[in-house]
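Here the working numbering is used: the first residue of the sequence shown is 1346, the next is one more, and so on.
Virtual Cβ for every residue (Gly too), placed ideally from N, Cα, C.
Everything numeric in this text was worked out from a predicted model, so none of it was measured.
Working notes, beginning with the structure itself.
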Amino acid sequence: MTPSLFPPPEAPAMTLRPYQAEAIEAVYDHLRRRDDNPCVVLPTACHAKGHPILMYDGTVKPVEDVTVGDLLMGPDSRPRRVMALRQGWDDMYRVVPARGEAFTVNAGHVLSLVCTNEGKRDACARHGGEIDNITVADYLKKPKYWRHLRKLRRVAVEFPGRPNLPIPPYILGLLLGDGCLTDLPIALTTADEQTAEAWIEYAGSINCGVTVHGPPDRCPSYRIVKENGRHNVLTEALAAQGLLGTGSGTKFVPHMYLVASRQDRLALLAGLMDSDGCRNKSGCDYMTKSQELAADVVFLVRSLGLAAQCTQKYCSCQTGAGGWFYRVSIWGDFDDVPCRLPRRQPGPRKQKKCVLRTGFKVEPVGQGQYYGLLLDGDHLYVDGHFVVHHNSGKTPVMASICRDAVTQWNGRVLVLAHVKELLEQAVDKLNAMA
């Protein structure tokens, strides 16, 4: 091919990001020098440093630590493989959800938004539930009513594998709330007969007994003790998980419980709620002195498809003593949570709005460094806050090349894609460049 067949492209009506312009020029440079077809690879899901990414195995990595070949969690609970990485500088924007943690991305980052059916326009009902994958830059150009109807979306996930849990998840939930793990024998302090019965039943299942201690005017402590020289498997299991010796400010949920089956995670949440949960009008609150445990509860709750938000609160008792606690506010549909204490089980949700959708605002924060990802499959993935993102951004590159082929070289272009959504994106970008 002769160089004259591939002149520099005209300036597009739609502004390209620097990495997109570089990719287009690389394609033309390849075609000037060679007589075969180039392949364009663009990592375009671009987060600021430190943004948490949910891996397929349930661990969470900062985006800058993600490597080629890593498996990320998709919104369908299937893996997405990282094919390539990219770093650079760009205009950065802070996305602030109405509920949840803010995060920073570049202008070309693609938000995966769901359209609600709110509002009086007929289009609201017609398009309710549809997914719009749109860059931050393009989102900001949309009219206010369009933006109002598009929400960030979270998803519940299932993790691969089914670990053999050494302690029943409901029992572990009780221990993380009302258990004493610093001294032996291990004890559960509770005034509720239902939780005491569950504790005693568990002790019998591991061939141990229970002794009751405490003054009559205080909650009794139920201690699990060995019988006939048998091993106390509870103590051994707690030690193996790193929980033995932890106090109220250092407790946590072992990773294997956070990635267990949905049924086991629901049982764990029930134990946590029956011990330190407090029912309220919108759901329930979970209180703890441990920052790590609070973060684990947020992860657990969101993985189950409920909403959670953590705040700090100063609490004091009648004597005046007090301290700072972490309060995890939980709301959503609790019908599947097998609480044993009726007063801890939130009632049916009256609010019709989906807890997995939230409004947001976008604020410019100036230039900054970004870390980009290229994934296989449908390019959708879940971050550490269980928010769905999209790593597209290659469509403007394709659209720009197609436009040049038609307008400058009098050619015809056939665009193929494996999903309808990508073809619709291509049409939108071609129209924007017309």
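Inset, instruction - Starting from the C-beta of Pro1420, find all residues in its chain whose C-beta is less than 7 Å away, skip the five residues before and the five after it, and write them out in chain order. - result: By the criterion of a C-beta distance shorter than 7 Å, Pro1420 is surrounded in its chain by Val1500, Leu1725, Val1727 and Val1733, once the five residues flanking it on both sides are discounted.
Inset, instruction - Could you have a look at Trp1434 and say whether DSSP puts it in helix, strand or coil? - result: Looking at Trp1434 - three-state DSSP - the assignment turns out to be strand.
Inset, instruction - Go through the segment 1476-1548 residue by residue and report every complete run of the beta strand (DSSP E) that reaches 3 residues or more, in order. - result: Complete beta strand (DSSP E) runs here, min 3: 1476-1480, 1495-1498 and 1532-1534.
Inset, instruction - Counting only the same chain and skipping the five closest in sequence on each side, list residues whose C-beta sits under 8 Å from that of Leu1613. - result: Pro1514, Tyr1515, Leu1517, Gly1518, Val1598, Tyr1602, Ala1605 and Leu1645.
Legend entry - Paired residues, beta bridge with Met1400 - DSSP: In DSSP, Met1400 forms a bridge with Leu1417.
Inset, instruction - Pull up the distance between the alpha-carbon of Val1691 and that of Gly1717, whole angstroms please. - result: Looking at the sequence provided, one finds Pro at residue 1691 rather than Val. C-alpha separation (whole angstroms): 41 Å.
Legend entry - Presumed contact (8 Å Cβ cut-off) between Leu1526 and Gly1622, rounded CB distance: Their Cβ separation, rounded to whole angstroms, is 19 Å, which puts Leu1526 and Gly1622 out of contact at 8 Å.
Inset, instruction - Within the segment 1654-1686, note down every full beta strand (DSSP E) run reaching 3 residues or more, in order along the chain. - result: 1667-1676, all fully within the segment 1654-1686.
Inset, instruction - Scan the segment 1565-1651 and note each continuous beta strand (DSSP E) run of 3 residues or more that stays entirely inside, going in chain order. - result: Assignment of beta strand (DSSP E) within the segment 1565-1651, counting only whole runs of 3 or more residues, yields 1566-1571, 1622-1624 and 1628-1633 in chain order.
Inset, instruction - Quick one: using the 10 Å Cβ neighbour count with 16 as the cut-off for buried, is Ser1635 buried or exposed? - result: With a 10 Å radius around the Cβ and a threshold of 16 neighbouring Cβ atoms, Ser1635 comes out buried.
Inset, instruction - For Asn1736, count neighbouring C-beta atoms within 10 Å of its own C-beta (all shown protein chains included) and say buried if the count is 16 or more, exposed if not. - result: Under this definition Asn1736 is a buried residue.
Inset, instruction - Answer with buried or exposed for Tyr1490, where buried requires no fewer than 16 other C-beta atoms within 10 angstroms of its C-beta. - result: Around the beta carbon of Tyr1490, fewer than 16 other beta carbons sit within 10 angstroms, so the residue counts as exposed.
Inset, instruction - Closer than 7 Å by C-beta to Pro1442: which residues in its own chain qualify, once you throw out the five before and the five after it? Chain order, please. - result: Closer than 7 Å at Cβ, skipping near neighbours: Leu1497, Thr1703 and Phe1705.
Legend entry - Nearest neighbour of Asp1436, chosen from Leu1638, Ala1653, Tyr1373 and His1454 [CA to CA]: Asp1436 has its Cα closest to that of His1454, out of Leu1638, Ala1653, Tyr1373 and His1454.
Legend entry - Residues of its chain near Ala1543, where Cβ-Cβ distance is below 8 Å and the 5 sequence neighbours each way are ignored: So the qualifying residues of the chain are Tyr1515, Ile1516, Leu1519 and Arg1685.
Legend entry - Within 8 Å, strictly: CB atoms of Val1502 and Met1618: In this structure, Val1502 keeps its C-beta atom at 8 Å or more from the C-beta atom of Met1618.
Inset, instruction - Locate the beta strand (DSSP E) running through Lys1706, then write down its first and last residues. - result: Here the beta strand (DSSP E) through Lys1706 covers Phe1705 to Leu1720.
Inset, instruction - Measuring alpha carbon to alpha carbon, tell me which of Cys1699, Gly1650, Met1632 and Thr1480 ends up nearest Phe1670. - result: Checked all of Cys1699, Gly1650, Met1632 and Thr1480; the closest Cα to Phe1670 is Met1632.
Legend entry - Val1643 to Cys1655 span [Cα, whole Å]: Looking at the backbone, the Cα of Val1643 and that of Cys1655 are separated by about 7 Å.
Legend entry - Burial state of Ser1648, where buried means 16 or more other Cβ atoms lie within 10 Å: Taking all protein chains shown into account, Ser1648 has 16 or more neighbouring C-beta atoms within 10 Å of its C-beta and is therefore buried.
Inset, instruction - Please classify Arg1378: does DSSP put it in a helix, a strand, or coil? - result: DSSP places Arg1378 in helix when its eight states are reduced to three.
Legend entry - Cys1747 (DSSP reduced to helix, strand or coil): Here Cys1747 sits in helix by DSSP.
Legend entry - Contacts around Pro1383, its chain only, beta-carbon distance under 8 Å, and the 5 residues preceding and following it disregarded: Closer than 8 Å at the Cβ level, and outside the excluded window around Pro1383, lie Ala1371, Val1372, His1375 and Leu1376.
Inset, instruction - Taking all protein chains shown into account, decide if Gln1586 is buried (16 or more other Cβ within 10 angstroms of its Cβ) or exposed. - result: Around the beta carbon of Gln1586, 16 or more other beta carbons lie within 10 angstroms, which makes this residue buried.
Inset, instruction - Please classify Tyr1659: is it buried, with 16 or more other beta-carbons within 10 angstroms of its beta-carbon, or exposed? - result: Looking at its Cβ environment, which holds fewer than 16 other Cβ atoms inside 10 Å, Tyr1659 is exposed.
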